[in-house]
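Protein chains in written order, with the numbering used here: chain A, 1 to 455; chain G, 1001 to 1455. Heads up, the beta-carbon is just placed ideally off N, CA and C, and yes, glycines get one too.
Protein chains: 2
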Amino acid sequence: MNTGDIAHLMDTDGVTALGDYSAVVPVSPIAVVSPRNHADCVAIVQWANREGVSLVCRAGGTGTTGGALPITANTVVVTMRHMNRVIAMDESAATITVEPGVILAHIHDYVEGVGLFYPPDPASLAICTIGGNVMENAGGPRALKYGVTRNYVLGLKGVWGSGESFAYGGQCRKNVAGYDMIGLLTGSEGTLGIITEITLALRPKPRVIREMIVGYASSDDAVAALRNGMQQGVMPSTAEFMVDDCVAASLAYLGVSALFERHPAYVIWQVDGFTEADVEAQLARIVASSNYAGCMPMDTPERSEHVWSIRRSVSLGFTKMAGKKYSEDIVVPVSQLSATMLALADLAHESGIRVVGYGHLGDGNIHVNILKMGASDADWDRYAPDVVTSVMALAMRYGGSLSGEHGIGVTKKPYMGMQFTSNDLRVFAGIKSVVDPQGIMNPHKAIYDNDYKLR
Amino acid sequence: MNTGDIAHLMDTDGVTALGDYSAVVPVSPIAVVSPRNHADCVAIVQWANREGVSLVCRAGGTGTTGGALPITANTVVVTMRHMNRVIAMDESAATITVEPGVILAHIHDYVEGVGLFYPPDPASLAICTIGGNVMENAGGPRALKYGVTRNYVLGLKGVWGSGESFAYGGQCRKNVAGYDMIGLLTGSEGTLGIITEITLALRPKPRVIREMIVGYASSDDAVAALRNGMQQGVMPSTAEFMVDDCVAASLAYLGVSALFERHPAYVIWQVDGFTEADVEAQLARIVASSNYAGCMPMDTPERSEHVWSIRRSVSLGFTKMAGKKYSEDIVVPVSQLSATMLALADLAHESGIRVVGYGHLGDGNIHVNILKMGASDADWDRYAPDVVTSVMALAMRYGGSLSGEHGIGVTKKPYMGMQFTSNDLRVFAGIKSVVDPQGIMNPHKAIYDNDYKLR
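(1) Among the residues of its own chain, which have a CB less than 6 Å from the CB of V1243 of chain G, if the five just before and after it don't count?
(2) Within 8 Å, do at least three Cβ pairs link the stretch 190 to 210 of chain A to the stretch 158 to 168 of chain A?
(3) On a Cα-Cα basis, can you pick out the residue from A:E189, A:N369 and A:V388 that is closest to T319 of chain A?
(4) Kindly say whether N1137 of chain G, judged by its beta-carbon, lies nearer than 8 Å to any beta-carbon of chain A.
(5) Output yes if chain G places a C-beta closer than 8 Å to the C-beta of F241 of chain A; else output no.
(6) Going by the beta-carbon positions, is the gap between G1409 of chain G and S1022 of chain G smaller than 8 Å?
(7) Spell out the partners DSSP gives M441 of chain A in its beta bridges.
(8) Rounded to whole angstroms, what is the Cα-Cα separation between E1051 of chain G and G1004 of chain G?
(9) Could you spell out where the alpha helix (DSSP H) holding L251 of chain A opens and where it closes?
(10) Can you list the beta strand (DSSP E) stretches of 3 or more residues lying completely in the stretch 353 to 411 of chain A, in chain order?
(11) Which first and last residues belong to the beta strand (DSSP E) in which Q270 of chain A is found?
(12) Taking C-alpha atoms, which residue in G:G1400, G:S1433, G:R1426 and G:T1199 lies nearest to L154 of chain A?
(13) Considering only residues of the same chain and omitting the five flanking positions on each side of Y1146 of chain G, which have a CB-CB separation below 6 Å?
(14) Of all the residues that make up the stretch 423 to 453 of chain A, which are near chain G by a beta-carbon distance shorter than 7 Å?
(15) To the nearest angstrom, report how far apart V427 of chain A and I447 of chain A are at their CA atoms.
(16) Does the stretch 1112 to 1127 of chain G touch the stretch 1212 to 1224 of chain G, meaning 3 or more C-beta pairs lie closer than 8 Å?
(17) Using the rule of at least 16 other Cβ atoms within 10 Å of the residue's Cβ for burial, across every protein chain shown, is V1334 of chain G buried or exposed?
(18) Is the stretch 1019 to 1038 of chain G in contact with the stretch 1053 to 1072 of chain G, if contact means three or more CB pairs nearer than 8 Å?
(19) Closest Cβ-Cβ distance between D1245 of chain G and chain A: below 8 Å?
(20) Taking the alpha helix (DSSP H) that I194 of chain A falls in, what are its first and last residues?
(21) According to the Cβ coordinates, are I1182 of chain G and L1202 of chain G closer than 8 Å?
(22) Show which residues of chain G have a CB atom less than 7 Å away from the CB atom of N37 of chain A.
(23) Just grab the DSSP bridge partners of E1091 of chain G for me.
(24) What is the rounded straight-line gap between the Cα of S1376 of chain G and the Cα of G1132 of chain G?
(25) Are the C-beta atoms of R1455 of chain G and some chain A residue less than 8 Å apart?
(26) Hey, P475 of chain A and S54 of chain A are a contact pair by Cβ (cut 8 Å); roughly how many whole angstroms apart?
(27) If we define contact as Cβ-Cβ less than 8 Å, is C172 of chain A a contact residue for chain G?
(28) Would a C-beta distance cut-off of 8 Å place P206 of chain A and M1230 of chain G closer than the cut-off?
(29) Pull out every residue of the stretch 1402 to 1421 of chain G whose Cβ sits closer than 9 Å to any Cβ of chain A, in chain order.
(30) Against chain A, does L1116 of chain G count as a neighbour if the rule is that its beta carbon must be under 8 Å from one of theirs?
(31) Alpha carbons only, please: which of A:R262, A:A252 and A:D278 is nearest the one belonging to M235 of chain A?
(32) Between A:Y216, A:T65 and A:G273, which lies nearest to T238 of chain A when the distance is taken from Cα to Cα?
(33) Within 10 angstroms of its Cβ, does G1404 of chain G collect 16 or more other Cβ (buried), or is it exposed?
(34) E1240 of chain G bridges to which residues according to DSSP?
(35) Under 8 Å between beta-carbons, which chain A residues line up against N1151 of chain G? List them in chain order, please.
(36) Touching or not, the stretch 1306 to 1316 of chain G and the stretch 1249 to 1264 of chain G, by the rule of three or more beta carbon pairs under 8 Å?
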């Protein structure tokens, strides 16, 4: 390999582990490069086009679908670990401009220091980067009130797979000139180009936050609370949904007892706003707006940490309980959430495999855990993939989508033909060809898969 | 022309006037067709491809940049006047699904009847349609708090210019599978295909709204109020900005006197929310957060209507005062708003032409009026186009965009090369080719113009 004019960007220390949070086994890259700036990224992409090498960008490495892993031969990994500067904050415009390698939590802290707020809050916020957030269009619990990453990206600079630079948008909060290239890039999972600079819109930081965990006899009652509350003017910032199996698994993992009464289902309600009385009135209204079985205000640091530690430990709890599991993040219309939860439970397999869901009530985003439980290793290997396929088919049946926030990456490619027509997949491939004619950017990810039979 | 299988869709009554709110002179179409449903639209597009005919969609006809007008020979106008049904509302999912010809105000009334809320509110809301809103990515005063049309479009069905049908998204509030085709279509100004069904996300209807008009000694003080207020936790729903010239022109047009003290600049602040005390506290906080010269609460129907009638009449007032005018809708970062306002005034031409701006403070979207005033007819025709070009150049200088909400259409095509590189324009054209290979959808609009010298 002739590294030519990018020889000085070769990264021989620091990046040895190239995994992520998926079960995908990466192929060893032929090299790792660490650009320092936009010009370096342009040089890398132009070099890759000349040499016929594929590029895979990575930053935090917290992906759950293998999107940032090299999976083909002759691939160079581009790590963003040196592009981690805050470039500028503009308090009057309420914007911040950053490089893609900045850790999300750092952005949160930075802007909250001056009373501003960047809402997206994926669970990995302490270690994931804003570049990865943009590439996956990351969400998080606060998406219910505040929307996802796409709603906050005002400007993107970078380089297309073709080697041409781009700079779309900037600090303007409205912009309808030309096609929406920022929307196209956000959520494109690294398949179109490399992002080198990101400008984000900020909002006022909420002055007051109040939380409560409420138990329900059924998920129907939880959905009714959200519907009735919203129709009475309440906009919760967060509505995290768990069934009691989730709580049981978490408690066992944590080795603690619940401080709240146990019920079949729960919602962790959070309301934020300007004045205490207003926020408390909203929280009281949404709780009172449907039948509930019990509730515990999360009004002390101990109670709040207790509940959130249970919510955070659900996935680890299931792993410990089940031995092995797959995690998916389908999304369905909120009105189909109860039916979907029941149908998921029905996917339990005679081999012992069980299926349980939890997640973001307000946007119907269900984290589906497929649990090995009593199944033998042989049965798990044999039947689990079919159960995953059934989960995806179920999302389709209820008018849903394969992914709410984790992306398609490698692991969900086989199901793309369930959600999209063959023409849709041709359109995706055609758009990629316009900006990445040699197909060097993150090949065989996200947008299509020839192995799956198209409808 | 062989109308073949779309003969029954020919519309010979009802559509005689095909203008809009721009000064563009349309070319007479060879026919007008009125589809009733998705299948009709597919038939029309497939017929147009076979016959080599161009298609221009129109609905409300309220565009200001000529985007929905036929401008080339051999064009058929597709009117959405019969596709105006509300298909479904889902209160649990908080979504509404409509055909593109539904009037925006009808959607507002429909969803507010059950306590829900569709925020985008362009000035033409009583007569514009949701299909046009999606095609232009319409905004409005409430965009400051609530965002623009794109933030609410969850699902789109339609037909690409190729004749292939599509159905992206649906009722899900998150969705990251595949490229963001909904984002690409929203704001595409009818250049990619025909939309036949739209699903919108809804929010809780605010229970309380409070408004106040505040006078400032300068636009700097107004910008400071927004910045300081947001950093103290206030999120206004609306912040409409006017200089005193706007108020003077409106008052003269309306033939009334101001109920409020006159000052160099004004902001109409609006805050909405759940409880009266909270909303009033937010409004008081943002007013107190910077130097202000005077204020009048809009606390009676008379006062509110007085102020809003002045705001609504600014454009008509300038037309009456100036004789002729051009209206543009540039957008700049909020931090550049004061400098932009000063620079706009400096564009006044020795011939007598004057330039004045007003608009949406919170998102830097300035409605720039270029006024004939003392200029002779000959000087107006000779110099006004150069002044418009200078306005666009000024937007670029301050990091802005050619359009915040009106789109590019026909009238702003000549300036696209100021904001985009030649490669950007090739990418736009390439993307259009993927879904509209024969280029039949709204040709020569919105995305590129070969006449303008590219940077």
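Judging by the given coordinates:
(1) For V1243 of chain G, where only same-chain residues beyond five positions count, the Cβ hits under 6 Å are A1265.
(2) With contact defined as three or more Cβ pairs closer than 8 Å, the stretch 158 to 168 of chain A and the stretch 190 to 210 of chain A are in contact.
(3) Out of A:E189, A:N369 and A:V388, A:N369 has the C-alpha closest to the C-alpha of T319 of chain A.
(4) Answer yes: the Cβ-Cβ gap between N1137 of chain G and chain A drops below 8 Å somewhere.
(5) Among the CB atoms of chain G, none fall inside 8 Å of the CB of F241 of chain A.
(6) Yes.
(7) Answer by DSSP bridge pairing, in chain order: A:L55.
(8) C-alpha separation (whole angstroms): 10 Å.
(9) D244 to L254 is the span of the alpha helix (DSSP H), which, as asked, contains L251 of chain A.
(10) If we require 3 residues or more, the beta strand (DSSP E) runs fully inside the stretch 353 to 411 of chain A come out as 354 to 360 and 365 to 371.
(11) Unbroken beta strand (DSSP E) run through Q270 of chain A: A265 to G273.
(12) Nearest C-alpha to L154 of chain A among G:G1400, G:S1433, G:R1426 and G:T1199: G:G1400.
(13) Closer than 6 Å at the Cβ level, and outside the excluded window around Y1146 of chain G, lie P1119.
(14) Here the close residues are N423, D424, V427, F428, G430, I431, V434, V435 and I447.
(15) Their Cα atoms are separated by approximately 10 Å.
(16) By the Cβ rule, the stretch 1212 to 1224 of chain G does not count as touching the stretch 1112 to 1127 of chain G, because fewer than three pairs are nearer than 8 Å.
(17) Sixteen is the threshold: when 16 or more other Cβ atoms of the shown chains lie within 10 Å of the Cβ of V1334 of chain G, as they do, the residue is buried.
(18) They touch, by the three-pair rule.
(19) For D1245 of chain G, the answer is no, since every Cβ of chain A falls outside 8 Å of its Cβ.
(20) Taken as a continuous stretch (DSSP letters only), I194 of chain A belongs to no alpha helix (DSSP H), being part of the beta strand (DSSP E) at G193 to A201.
(21) No, they are not a contact pair.
(22) What N37 of chain A touches in chain G, judged by beta-carbon distance under 7 Å, is nothing: the nearest beta carbon there is about 19 Å away.
(23) Beta-bridge pairing by DSSP links E1091 of chain G to no other residue.
(24) Rounded to whole angstroms, S1376 of chain G to G1132 of chain G spans 36 Å at the Cα level.
(25) A caution first: R1455 of chain G carries a pLDDT of 33, below 50, which makes its placement in the model unreliable, though a value can still be read off. No, R1455 of chain G does not count as interfacial toward chain A.
(26) Lying before the first or after the last residue shown, residue 475 of chain A is absent from chain A, which here runs from 1 to 455.
(27) At least one beta carbon of chain G lies nearer than 8 Å to the beta carbon of C172 of chain A.
(28) No, these two residues do not count as a Cβ contact at 8 Å.
(29) Legend: CB atoms of the stretch 1402 to 1421 of chain G lying less than 9 Å from CB atoms of chain A belong to residues L1402, S1403, G1404, E1405, H1406, G1407, I1408, K1412, Y1415, M1416, Q1419, F1420 and T1421.
(30) True, the Cβ-Cβ gap to chain A drops below 8 Å.
(31) The candidate whose alpha carbon is nearest that of M235 of chain A is A:D278.
(32) Of the listed residues, the one whose Cα sits closest to T238 of chain A is A:G273.
(33) Sixteen is the threshold: when 16 or more other Cβ atoms of the shown chains lie within 10 Å of the Cβ of G1404 of chain G, as they do, the residue is buried.
(34) Answer is G:I1268 and G:H1360.
(35) G147 and N151, listed in chain order.
(36) With the cut-off at 8 Å, the stretch 1306 to 1316 of chain G and the stretch 1249 to 1264 of chain G touch.
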